[in-house]
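Let me begin by presenting the structure, written as structure tokens, before commenting on it.
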Amino acid sequence: MRNSFYIIFFFFIIFFGCAQTAERRSFHGKEFAEKELKAALNQNNEVKLHEDTILIKDSITAIKIAEPILFEIYGEENISLQRPYECYLIENYWVISGTLPEGILGGTFLFIFDSRNNEIIKIIHGK
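Mapping the sequence shown onto full-length UniProt numbering, position 125 (from 1) lands on 125, and the numbers just tick up by one.
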């Protein structure tokens, strides 16, 4: 009997203590988001990163950033056929390009972005 009580009590605590619904959460709203965007655009960044601070440190993450953008622009099938990619970190910039099998004519993509702030520098696709 005592074990049953503890089990029921345990589930009661988990169910009611961990449940989160939209009704129990506070939202800032779109107006707040618009205000924060305007403030951020009108002033220098509050968080200053050292100019050599690399946020994207490995090629796997760099590719995870580039692929969804490339898929949207050039199509997932087209970009996926260009695997494996060439991916190099050069002077704080990720330079990622597609490859083609030998003997296949066509172009590949080139995607360059800043590893310190994810700013896209160049996106092109050859023919």
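Idealized CB from N, CA, C, for every residue including glycine.
Backbone secondary structure at residue i - three-state DSSP
i	result
Glu31	helix
Tyr74	helix
Ser97	strand
Glu67	helix
Glu119	coil
Leu37	helix
Ile124	strand
Ile56	coil
Ile79	helix
Rounded C-alpha distance that separates residue i from residue j
i	j	result
Phe32	Arg24	19 angstroms
His28	Asn117	26 angstroms
Phe109	Glu119	17 angstroms
Gln82	Ala66	13 angstroms
Ser54	Pro68	Sequence inspection shows Ile at residue 54; the Ser mentioned does not correspond to that position. Each residue's Cα considered, the two are about 21 angstroms apart.
Gly107	Lys127	4 angstroms
Phe123	Ala62	It is worth fixing the name first, because residue 123 is Ile in this sequence and not Phe. So the two alpha carbons sit approximately 14 angstroms from each other.
Phe111	Trp94	8 angstroms
Ala39	Glu72	30 angstroms
Ile79	Ile90	22 angstroms
Glu76	Pro101	18 angstroms
Leu41	Lys64	27 angstroms
Presumed contact (8 angstroms Cβ cut-off) between residue i and residue j, rounded CB distance
i	j	result
Gly98	Tyr85	6 angstroms
Asn92	Ser115	5 angstroms
Ile121	Phe113	6 angstroms
Close beta carbons around residue i, own chain, < 8 angstroms, minus the five adjacent residues each side
i	result
Glu51	Arg116
Tyr74	Phe109 and His125
Leu70	Ile79, Phe109, Phe111 and Ile123
Same chain, Cβ closer than 6 angstroms to residue i, neighbours up to 5 away in sequence not counted
i	result
Ile56	Ala62 and Ser115
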